[in-house]
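Reading through the structure tokens given below for one structure.
Protein chains: 2
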Amino acid sequence: MAERIWTAALVVIGDEILSGRTQDRNVAQIAVWLNAQGIRLAEVRVVADREEAIVEAVNALRARNDYLFTTGGIGPTHDDITVDAIAKALGVEVIVHPEARAVLEKHYATRGGLTEARLRMARVPEGAELIPNRMSGAPGIRHGSIFILAGVPHITAGMLDALTGTLEGGAPLVSRTIGCWVAESEVADLLRKAERDHPGVAIGSYPFFREGRVGANFVVRATETDAIDACVSSLVSALEGEGRTVVDGGI
Amino acid sequence: MAERIWTAALVVIGDEILSGRTQDRNVAQIAVWLNAQGIRLAEVRVVADREEAIVEAVNALRARNDYLFTTGGIGPTHDDITVDAIAKALGVEVIVHPEARAVLEKHYATRGGLTEARLRMARVPEGAELIPNRMSGAPGIRHGSIFILAGVPHITAGMLDALTGTLEGGAPLVSRTIGCWVAESEVADLLRKAERDHPGVAIGSYPFFREGRVGANFVVRATETDAIDACVSSLVSALEGEGRTVVDGGI
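These protein sequence lines are chains A and B, in that order. full-length UniProt numbering numbers the first residue of the first sequence as 1 and each following residue consecutively. full-length UniProt numbering numbers the first residue of the second sequence as 1 and each following residue consecutively.
Shown next as structure tokens:
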């Protein structure tokens, strides 16, 4: 019986990503972390700091994924509207979380005290619990299957650490990579055949141009190691049968 | 009268982005390029190499933006399904573009000839024209307001170069950045007030932790330089009025 596949979606919130000012790093970081939890990142949307845009994305994606993550927009300034938008999407009130307030009071005790702006970071959609943040004062927020994380990548990373092992998932997608100094167009048929011959296995082909030569890496993905090994074996045989040298692990 | 704002959306197509294997660079690259054309990147979706996912994203986003860009999935291998998916979204046939075929025939004349796999790269949704690609054989594709670009960032860049100045847009969004060694939570009210006092101007607040100290950059964005300058002036006065040192250009 095919194992259940768990999926997550990610909404990246921030004008700075859409303007090109900031290079997003959270898609890749969260993708890798999710996979280790046995959860597949199925889709991502990047939206502006606009309430309607966030509400639309959150509601569309949470309806069809097991988990929904957001990054960005949970700081103390006027452009941090994620909590309000998600509360609206869920149809719940925004409340000040007593534990978050206590955390912030402690954090800011020696830093000028808990101002009204800082207290904004204790606001959560009603019914939420906190995700610890060892890097800075403001915690992340969990509301059921929704995870509201910081946008600054190293703070996001700390929140993911705190969540590690707490989400139910399935078998992680595993992969093996082989590389070959070949134009992918010369081996397209061979790749297509290998994928067709091994159900449950997906082969990605990633060409590159390096040291004045073209080459490609082939990433073989599946949840079962046996299936990957079988597919890689037949790929290697087929490539070597054409007189090509295969580099295990990729080039 | 408010000037018309031109918007574009981007669909990033590729399992390699969603698995975390590849760090996307095209969102930032295309955002910056679009802004120089006077077009704002309004939203981005990252979708898997699955036809239904691509069709859904393309149809949702082209309906509400002036332009739609896609990156990825236009190579010669089995996982390159972008052209078929977009043809399906548009309800048109896939045809072999005679000019693309000629380009590829010439490119591969000294590289083993035009195989069936390579000919896949000449396939376009009916009615499309080509976008020159000086980096490799396969051209990009334009179909009305839809632009189908390569996924490999330097090839994408070449296609953007070829498109520079050919798309109608409005006034580019311009920005000025100032920086301050301050916790953004201490100046949240001041930022909110400055934004409220200057209609048409958006202020983004981007905190950082560097050299053992917290600071923040404030990015003031608008289409009118005068409006930006006025907003920056009042922000600087307000910050300096609190005895803070402002770094022009950001920290």
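Backbone N, C-alpha and C fix where the C-beta goes; we use that ideal spot for every residue, glycine too.
Handout entry: Neighbourhood of residue 147 (chain B) by C-beta distance below 6 Å, restricted to the same chain and skipping five residues each side
Key = As a working note, residue 147 (chain B) is residue 147 in the second sequence. The answer, listed in chain order, is 69.
Based on DSSP bridge pairs, tell me the residues matched to residue 248 (chain A).
For the purposes of this step, residue 248 (chain A) is identified with residue 248 of the first sequence, where counting begins at 1. Answer is A:178.
* **Sub-9 Å separation of residue 24 (chain A) and residue 32 (chain A) beta-carbons** => Counting from one through the first sequence, the residue named residue 24 (chain A) turns up at place 24. Counting from one through the first sequence, the residue named residue 32 (chain A) turns up at place 32. Contact: no.
Relative to chain A, which residues along the segment 114 to 128 of chain B have a C-beta separation below 7 Å, given in chain order? 115, 117 and 118
- Determine the direct distance from the alpha carbon of residue 46 (chain B) to that of residue 53 (chain B), and round the result to whole angstroms. For the purposes of this step, residue 53 (chain B) is taken as residue 53 along the second sequence, with counting starting at 1. For the purposes of this step, residue 46 (chain B) is taken as residue 46 along the second sequence, with counting starting at 1. If I take the Cα positions, the gap works out to 9 Å.
Does any residue of chain B have a CB that is nearer than 9 Å to the CB of residue 52 (chain A)?
Start at 1 with the first residue of the first sequence, and residue 52 (chain A) comes out as number 52. With 9 Å as the cut-off, residue 52 (chain A) does not count as an interface residue toward chain B.
Could you spell out where the alpha helix (DSSP H) holding residue 77 (chain B) opens and where it closes?
-> Here residue 77 (chain B) refers to the residue found at position 77 of the second sequence. It is not in any alpha helix (DSSP H) - residue 77 (chain B) carries neither H nor E in the DSSP assignment.
When you compare each of B:192, B:235 and B:171 to residue 40 (chain B) by their alpha carbons, which one comes out closest? Residue mapping note: residue 40 (chain B) aligns to position 40 of the second sequence, counting from 1. Nearest C-alpha to residue 40 (chain B): B:171.
- Message: Taking the alpha-carbon of residue 243 (chain A) as reference, which of A:180, A:205 and A:169 has the nearest alpha-carbon?
- Response: Taking the first residue of the first sequence as position 1, residue 243 (chain A) is located at position 243. For the residues A:180, A:205 and A:169, the minimum Cα distance to residue 243 (chain A) belongs to A:180.
Margin query: If the cut-off is 9 Å on Cβ atoms, which residues from the segment 13 to 38 of chain A count as contacting chain B, listed in chain order?
Written below: 14, 15, 16, 17, 18, 19, 20, 21, 22, 23, 24, 25, 27, 28, 29, 30, 31, 32, 33, 34 and 35
Measure the C-alpha to C-alpha separation of residue 178 (chain A) and residue 229 (chain A) and round it to an integer number of angstroms. Working through the first sequence from its first residue, we reach residue 178 (chain A) at position 178. Working through the first sequence from its first residue, we reach residue 229 (chain A) at position 229. Straight-line Cα distance between these residues: approximately 11 Å.
Problem set entry | Cut-off 7 Å between Cβ atoms - residues of its own chain near residue 232 (chain A), not counting five sequence neighbours on either side | Position 232 of the first sequence, counted from the start, is the residue given in the question as residue 232 (chain A). Here the set comprises 176, 178 and 220.
Would residue 120 (chain B) and residue 204 (chain A) qualify as a contact pair, given that the criterion is a beta-carbon distance under 9 Å? For the purposes of this step, residue 120 (chain B) is taken as residue 120 along the second sequence, with counting starting at 1. For the purposes of this step, residue 204 (chain A) is taken as residue 204 along the first sequence, with counting starting at 1. Their beta carbons are not under 9 Å apart, which means residue 120 (chain B) does not touch residue 204 (chain A) by this criterion.
Item to check | C-beta contact flag for residue 95 (chain A) and residue 123 (chain A) at 9 Å | outcome: On the first sequence, residue 95 (chain A) is found 95 positions in, with the first residue counted as 1. On the first sequence, residue 123 (chain A) is found 123 positions in, with the first residue counted as 1. The answer is yes: Cβ separation under 9 Å.
Item to check | Reduced DSSP category for residue 118 (chain A) - H, G, I as helix; E, B as strand; rest coil | outcome: Residue numbering aside, residue 118 (chain A) sits at position 118 when the first sequence is read from its first letter. Residue 118 (chain A): helix per DSSP, three-state reduction.
task = Output yes if chain B places a C-beta closer than 9 Å to the C-beta of residue 208 (chain A); else output no.
result = In the first sequence, counting from the first residue as 1, residue 208 (chain A) sits at position 208. Chain B, which has a Cβ nearer than 9 Å to the Cβ of residue 208 (chain A), makes this yes.
Nearest chain A C-beta to residue 3 (chain B) closer than 9 Å, yes or no? Indexing the second sequence from 1 puts residue 3 (chain B) at position 3. Closer than 9 Å: no.
- Of all the residues that make up the segment 67 to 82 of chain A, which are near chain B by a beta-carbon distance shorter than 9 Å? 75, 76, 77, 78, 79 and 80
- Task: List the DSSP bridge partners of residue 136 (chain A).
- Result: Along the first sequence, one-based indexing puts residue 136 (chain A) at 136. None; residue 136 (chain A) has no bridge partner.
Hey, out of B:139, B:76, B:234 and B:217, whose CA is closest to residue 249 (chain B)'s CA? In the second sequence, the residue the question calls residue 249 (chain B) occupies position 249. That would be B:217, whose Cα lies nearest to the Cα of residue 249 (chain B).
| In angstroms, rounded to a whole number, what distance separates the CA positions of residue 3 (chain A) and residue 15 (chain B)? | Here residue 3 (chain A) is taken as the residue at index 3 of the first sequence, counted from 1. Here residue 15 (chain B) is taken as the residue at index 15 of the second sequence, counted from 1. In a straight line, the C-alpha of residue 3 (chain A) is about 20 Å away from that of residue 15 (chain B).
By a C-beta neighbour count over all protein chains shown, 10 Å radius and 16 as the cutoff for buried, is residue 215 (chain A) buried or exposed? Against the first sequence, residue 215 (chain A) aligns to sequence position 215. By the neighbour-count rule (16 or more Cβ atoms within 10 Å), residue 215 (chain A) is buried.
Helix, strand or coil at residue 1 (chain B) according to DSSP, with G and I counted as helix: Here residue 1 (chain B) refers to the residue found at position 1 when the second sequence is read from its first residue. Note on residue 1 (chain B): pLDDT 45, under 50, position unreliable in the model; no value is reported.
**Asked** Under a three-way DSSP split, which group does residue 166 (chain B) fall into?
**Response** Here residue 166 (chain B) refers to the residue found at position 166 when the second sequence is read from its first residue. In the structure shown, residue 166 (chain B) sits in coil (DSSP, three-state: anything other than H, G, I, E or B).
Nearest neighbour of residue 102 (chain B), chosen from B:241, B:156 and B:137 [CA to CA]
In the second sequence, counting from the first residue as 1, residue 102 (chain B) sits at position 102. Closest option to residue 102 (chain B), Cα to Cα, is B:137.
### Query
What is the DSSP secondary structure of residue 105 (chain B), reduced to helix, strand or coil?
Counted from its first residue, the second sequence places residue 105 (chain B) at position 105. The answer is helix: DSSP assigns residue 105 (chain B) an H, G or I state.
Review point. When the Cα atoms are used, what is the spatial distance from residue 77 (chain A) to residue 118 (chain A)?
Key: Along the first sequence, read from residue 1 onward, the residue named residue 77 (chain A) stands at position 77. Along the first sequence, read from residue 1 onward, the residue named residue 118 (chain A) stands at position 118. Their Cα atoms are separated by approximately 9 Å.
Quick one: which chain A residues come within Cβ less than 8 Å of residue 255 (chain B)? Chain B is shown only over 1 to 251; residue 255 (chain B) falls outside these bounds and no answer can be derived.
* Start-end ranges of the beta strand (DSSP E) lying completely within the segment 175 to 246 of chain B, minimum 3 residues -> 202 to 210 and 213 to 222
Is there at least one Cβ from chain A nearer than 9 Å to residue 49 (chain B)'s Cβ? Stepping through the second sequence from its first residue, residue 49 (chain B) is reached at position 49. It does: the Cβ of residue 49 (chain B) has a partner Cβ on chain A nearer than 9 Å.
Residue 41 (chain B) (DSSP reduced to helix, strand or coil)
Counting from 1 along the second sequence, the entry for residue 41 (chain B) is found at position 41. It is a strand residue.
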